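Enquirer:
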């Protein structure tokens, strides 16, 4: 990294670290959730078989919001296309976030209670580091559902997420129907309403 950009990167990291656990509750503005500069508008893809536990079937049309790939905290490949055809909840967390740790058990319970009809995926990042992500998942009991290792922020940017303990809810067509923080009671209610 050039020496002139290091102070900017350090300042950005400091701002994110100071504000990340104190989300405003407002939905992000600007770019449409799920869009990236390189995505070709209106170019649906076809789902390939996903990772173990995936529910998408071959031949399912993949909405643009789910046309991404990532790596899980276990080091496996993950295709967003594997979520196509069912509602999905993306839970954005960081290993150092005390609020994320405090709700992890409740998020895991929501996943267990709705596993037959809703995909729930954790998306870890914001400088958590691989070992800290794995330790967080192990310590909090969220290893039963996929958690993505997104320290570079690609999935976070894709959905316009800027702070953790944030949820993105998608309906079965891949349309974003909520983005922002949720209380655990509201999370349960919103997941029950997903179709």
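Residue numbers (this note's numbering): 24 to 218.
By construction, the Cβ of each residue, glycine as well, lies at the ideal position given by its N, Cα and C atoms.
Remember, predicted model here, so these are calculated numbers, not experimental data.
1. Going by C-alpha to C-alpha distance, which of 98, 130, 214 sits closest to residue 192?
2. Using DSSP's beta-bridge definition, name the partner residues of residue 92.
3. With 16 as the cutoff for other CB atoms within 10 Å, does residue 136 come out buried or exposed?
4. Grouping DSSP H, G and I as helix and E and B as strand, with all else coil, what is residue 173?
5. Would you decide whether residue 164 is buried or exposed? Buried here means 16 or more other CB atoms lie within 10 Å of its CB.
6. Compare the Cα-Cα distances from residue 146 to each of 197, 115, 129 and report the closest residue.
7. Threshold first: 3 residues or longer. Then list the beta strand (DSSP E) segments lying entirely within the stretch 156–210, N to C.
8. Nearest to residue 154 by CA position, among 117, 207, 91, 111, is which residue?
9. Taking contact to mean 3 or more Cβ pairs, one atom from each stretch, closer than 8 Å, check whether the stretch 186–200 and the stretch 95–110 are in contact.
10. The alpha helix (DSSP H) that contains residue 126, what's its start and end?
11. For the beta strand (DSSP E) that residue 111 lies in, which residues bound it at each end?
12. If you follow the beta strand (DSSP E) that residue 148 is in, where does it begin and where does it stop?
13. For residue 210, which residues from the same chain have a beta carbon less than 7 Å from its beta carbon, with the 5 sequence-adjacent residues on both sides left out?
14. Just the C-alpha distance for residue 49 and residue 122, rounded to the nearest angstrom, thanks.
15. Who are the Cβ neighbours of residue 178 in its own chain at under 7 Å, not counting the five residues just before and after it?
Expert: On the basis of the supplied data:
1. 214
2. 102
3. exposed
4. strand
5. exposed
6. 115
7. 170–173, 189–193, 199–203
8. 117
9. yes
10. 121–137
11. 111–116
12. 142–148
13. 133, 190
14. Note that residue 49 scores 35 on pLDDT, short of 50, meaning its location in the model is unreliable and no value can be drawn from it.
15. 91, 93, 146, 171
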